[in-house]
Structure formats: C-alpha cells, structure tokens
Amino acid sequence: MVFTHPVMLGISLLCASAWASALSGRKAVRFGLFALLPLMALTAVLNPLFNHEGATILRWLPNGNPLTLEAIEYGIAAAAMLAAVVAWFACLNHVFTTDKFVYLFGRIIPAMSLLMSMTLRFVPRFAAQARLVSEARKCVHRDVSDGGVLQKARNGLSILSILVTWALESSLDTADSMRSRGYGLPGRTAYSIYRFDRRDAEALAFILVCAAYVIMGGAAGGLYWQYYPVAVGAWSSPYTVSLFAAYLALCAMPIILDVRENQKWKSLRSAI
Numbered sequence: 000m001v002f003t004h005p006v007m008l009g010i011s012l013l014c015a016s017a018w019a020s021a022l023s024g025r026k027a028v029r030f031g032l033f034a035l036l037p038l039m040a041l042t043a044v045l046n047p048l049f050n051h052e053g054a055t056i057l058r059w060l061p062n063g064n065p066l067t068l069e070a071i072e073y074g075i076a077a078a079a080m081l082a083a084v085v086a087w088f089a090c091l092n093h094v095f096t097t098d099k100f101v102y103l104f105g106r107i108i109p110a111m112s113l114l115m116s117m118t119l120r121f122v123p124r125f126a127a128q129a130r131l132v133s134e135a136r137k138c139v140h141r142d143v144s145d146g147g148v149l150q151k152a153r154n155g156l157s158i159l160s161i162l163v164t165w166a167l168e169s170s171l172d173t174a175d176s177m178r179s180r181g182y183g184l185p186g187r188t189a190y191s192i193y194r195f196d197r198r199d200a201e202a203l204a205f206i207l208v209c210a211a212y213v214i215m216g217g218a219a220g221g222l223y224w225q226y227y228p229v230a231v232g233a234w235s236s237p238y239t240v241s242l243f244a245a246y247l248a249l250c251a252m253p254i255i256l257d258v259r260e261n262q263k264w265k266s267l268r269s270a271i
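Here is the structure:
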C-alpha cells in the first residue's frame, strides 16, 4: 500500500496470488475469479468515471468530462493494490493462527494477545455456529429460506439474536476460564510448541535486510512514480531494478519456503 509503482504492485499481486493458490488450492482460485477479479474491474472502471485528471485525453464523456489515460492507469493501479492487500490478508488468515499469535505476544502484552487471538478465532467460529443454528431451524421451517419476505426477515433476526447471545456467553466463559488459569499474572509460564531456532533467525535476518533495503530505496526516490498529470517515474536504472529484485525476493520468500518444506516432507515420507 506504500509503493504505488506499477512494477511493485505487479510483484505484490503476483506473489500474493501464487501463495494463496499454494495454500488454499482451488478455493483461492475461485475466490480470485469470482471475488477479486470483479472487484478489480469495478475499481478500475469507477476511477476514470469520477477522476478526470491527466494530460492525455482519450475522449469526452457524455457529461462533458474528459476520459484520460492517466485516470485509467491509476484505476488499474488502485485495483491491483486492493486485490494484493486482500490476497495477502487471506494468506495471513490461513497461516497466522491464534496459537502463533499468543506465542509471539503472550508474554509481552498478555491481555492484548488474548483479545487478538479471540478476535481472530471469532469469525470462523461465528460462521460455523451460524450454519449450525440455520440447519437446526431449517428442520422446523424457521430458516431464512422459509416463508415470505417478512417471515424471512423475522427468521433472520431470530438467528442473529441467537448468535449474539451465544457470542456473549462464549466470551464470558472464555474470560472466566482464562482468569481461573492465572492468565496475565506475573511469573506465569506459557506452554508453546514453537521455539526460535537458527532457521528462524536466518529467515528474520533476510526479511529485515530486504525490507530495510526497499524502504530506504523508496525513501531515497528509487521507487518514485506519479500518475498525474502524466505517468512518469523511476523505471530502468540499475538501482531501481535492484529494488525490484529485493522486493521480489521478499514477497516470494514464503512461497519458496513452502515449496522447500513440501519437497522435504515428501522425501522424508518416501524414505520411510
């Protein structure tokens, strides 16, 4: 979201889409085709209709406003940025589980880590409970698919009321359970299946080096790009190309790690 350079946006969207496909398979492909692509198309179309800046006028719209090439380019860039952010967060939701969050922040900010872990877990639990309630009420013809419009609305409000009550009760039970276990008290130990080893240190060092190089390069103007009044910016200088390479390595790192781990796992299984 920081760098609006078209090459950076392309790298981010490509790597995020590839990693999401590697993690979720056909589910990610369907999400990209039926959700991200229409969202990108809508964003790319709406911008030139409402934004008329730019020096290259392609034609005049019926309302008298110009349709500019720069507005179309910026709309495509905004669409790529939005799709990349959604894809990266989809990957984050798949990989960054609640136990990992508690491991990272449980000792530093125990109350906040508990709140965040509950928040991350709440959405899938809420959806699962909604399906359970809907299937149970469908047996007595009280689902949102039964009756007329008013009856469907009443059934939907009833389901929502049930879900809100369940969520409040569940949060109170969780709070009481964690309090009885001494969560957040000084000196309390925390069990975790994770440990920070040499591979994690190497990966963290690689991430910090690449990120620092890209950030400093962007601050120095190596990734400069503007869309208005004409699209112009850094493109083919050796320094800019090196920044593209560093950003590509940073974005492609999780995909490379997953591929290596999968190959290692398959080789270990074949050796059994």
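Mind the numbering: the sequence shown is residues 0 to 271 in numbering that gives the first Met the number 0, read in order. Backbone N, C-alpha and C fix where the C-beta goes; we use that ideal spot for every residue, glycine too. For clarity, every value in this text was computed on a predicted model and none was experimentally measured.
Cβ-based burial, residue i [other Cβ within 10 Å; buried from 16]
| i | result |
| --- | --- |
| S179 | exposed |
| N154 | buried |
| I10 | buried |
| P253 | buried |
| C138 | exposed |
| Y277 | The first residue shown for the chain is 0 and the last is 271, placing residue 277 beyond what the model contains. |
| E69 | buried |
| F2 | buried |
| T239 | buried |
| G24 | exposed |
| A270 | exposed |
| A210 | exposed |
| G53 | buried |
| V6 | buried |
| G147 | exposed |
Rounded distance between the beta-carbons of residue j and residue i, thought under 8 Å
| i | j | result |
| --- | --- | --- |
| A233 | L247 | With a Cβ gap of about 16 Å, A233 and L247 do not count as contacting. |
| H4 | W264 | Between W264 and H4 the Cβ distance is about 37 Å, and since that is not below 8 Å, they are no contact. |
| A82 | L159 | At roughly 31 Å, the Cβ-Cβ gap does not stay under 8 Å, so A82 and L159 are not in contact. |
| H93 | L12 | Actually they are not in contact, since the Cβ atoms of H93 and L12 sit about 17 Å apart, beyond 8 Å. |
| T55 | A78 | Not really, about 19 Å apart at Cβ, beyond 8 Å. |
| L131 | M80 | Not really, about 37 Å apart at Cβ, beyond 8 Å. |
Rounded straight-line distance, which links the Cα of residue j to that of residue i
| i | j | result |
| --- | --- | --- |
| Y226 | I75 | 11 Å |
| S20 | K99 | 22 Å |
| T96 | F30 | 21 Å |
| A129 | I161 | 9 Å |
| V258 | A17 | 12 Å |
| M39 | A27 | 16 Å |
| G63 | L45 | 16 Å |
| I214 | S241 | 13 Å |
| D172 | A166 | 10 Å |
| C14 | D142 | 41 Å |
| V85 | A126 | 19 Å |
| M111 | S235 | 45 Å |
Other residues of its chain near residue i: CB distance less than 7 Å, five sequence neighbours each side excluded
| i | result |
| --- | --- |
| I71 | P47 |
| R58 | L66 |
| L60 | L66 |
| L102 | With the sequence shown as reference, residue 102 is identified as Tyr, and Leu is not the correct amino acid for it. Within the same chain, Y102 has close Cβ partners S191, Y193. |
Spatial neighbours of residue i in its chain, beta-carbon cut-off 6 Å, leaving aside the 5 residues before and after
| i | result |
| --- | --- |
| N50 | A70 |
Nonlocal neighbours in the same chain, by C-beta distance under 8 Å from residue i, ignoring five residues either side
| i | result |
| --- | --- |
| S133 | D142, V143, I158 |
| V229 | G53, A54, T55, E69 |
Unbroken stretches of the alpha helix (DSSP H), 4 residues or longer, contained in the stretch 52-119: 68-94, 97-104
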